[in-house]
Amino acid sequence: MAERAILHSDINCCYAQIECQEHPELRGRPVVVGGDEDARHGIVLARNLLAKQRGVATADTLADARRKCPGLVVVAADYRLYMDVCARARKIYYDYTDLVEPFGPDESWLDVTGSTRCLAMSPLAIAREISERMHAELGITVSVGVSWNKVFAKFGSDYRKPDAVTEITRRNYADIVWNAPVRDLLYVGEATERKLRSSGVATIGDLAHCSDYYLTRRFGKTGLILRAFLPGATTQAR
């Protein structure tokens, strides 16, 4: 049986990038999509890379964002436009597989296990072609992770941004994944991260190498569920 081939595609800085594509005069400037300041919904909903590099964070108030980044451009959200572009992106995904699983409007998993043979393309080649088509047809960039499971594919799309393709294989996953903070693992939120770190589990590799007994004793079933996302984990007494 062929090993599964999973892609995870993430539109970089989705809403802000779409605004910059739709309005060329915004390119090269720090941009955020913001709420209605007059209605006291003035927070950052999305930011482009330049705004991020200058310290602007999602959920910042627009006043704080402007203090961090003089010259910041704030645009009102146009959800109809964003959903249209995201739908067009998914149409491209469906050219490669019927097995598309959206993860929010701007991210999707693609199971291309059966596609590699009929398309005569490797998973990595499919990912690169999708990236190229996004740029050529929609004018946007994506980061795509390639792996044999959903968790590592998602990790790959987050690993390098923007406009990158990262393949995580059974040969390189330990080098790429194990030293990353445990918060980078899908499904580990702030509360779970605090609990793990307080128990000495700071990296994904730490989690992978905990024993079943330790995880069950400290975290109940949750610990085993999290580690089950990490194929190749070894159990050691801890």
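Take the sequence shown: its letters are residues 1 to 238, numbered as in UniProt numbering.
All C-beta atoms, glycine included, are put in the ideal place defined by N, C-alpha and C.
In this structure residue 30 touches residue 51 by the C-beta definition: roughly 4 Å separates them, less than 8 Å. Pairing residue 123 with residue 7 gives a Cβ-Cβ distance under 8 Å.
Beta bridge pairing from DSSP links residue 108 with 9, 102. Residue 113 and residue 4 do touch by the CB rule: their CB atoms are close to 5 Å apart, below 8 Å.
Taking a 10 Å sphere around the C-beta of residue 79, we find fewer than 16 other C-beta atoms and assign the residue as exposed. Bridge partners of residue 181 according to DSSP: 203.
The residues 182, 207, 210, in chain order, have a CB closer than 7 Å to that of residue 201 in the same chain once the five nearest residues on each side in sequence are set aside. When rounded, the separation of the alpha-carbon atoms in residue 10 and residue 149 is 16 Å. Counting every other CB atom within 10 Å of its CB across the protein chains shown gives residue 217 a total below 16, marking it as exposed. Collapsing the DSSP output to three states places residue 176 in a helix. The C-alpha of residue 17 lies about 27 Å from the C-alpha of residue 180. The alpha carbon of residue 133 has as its nearest neighbour, out of 153, 167, 90, 2, the alpha carbon of 90. Per DSSP, the continuous alpha helix (DSSP H) segment holding residue 22 begins and ends at 14-22. Residue 71 and residue 34 have their C-alpha atoms roughly 15 Å apart.
Assigned with DSSP and collapsed to three states, residue 119 falls in helix.
DSSP lists 145 as the bridge partner or partners of residue 166. The Cβ-Cβ distance between residue 146 and residue 131 does not fall below 8 Å. Your pair residue 144 and residue 127 checks out as a contact, with CB atoms roughly 4 Å apart and the cut at 8 Å.
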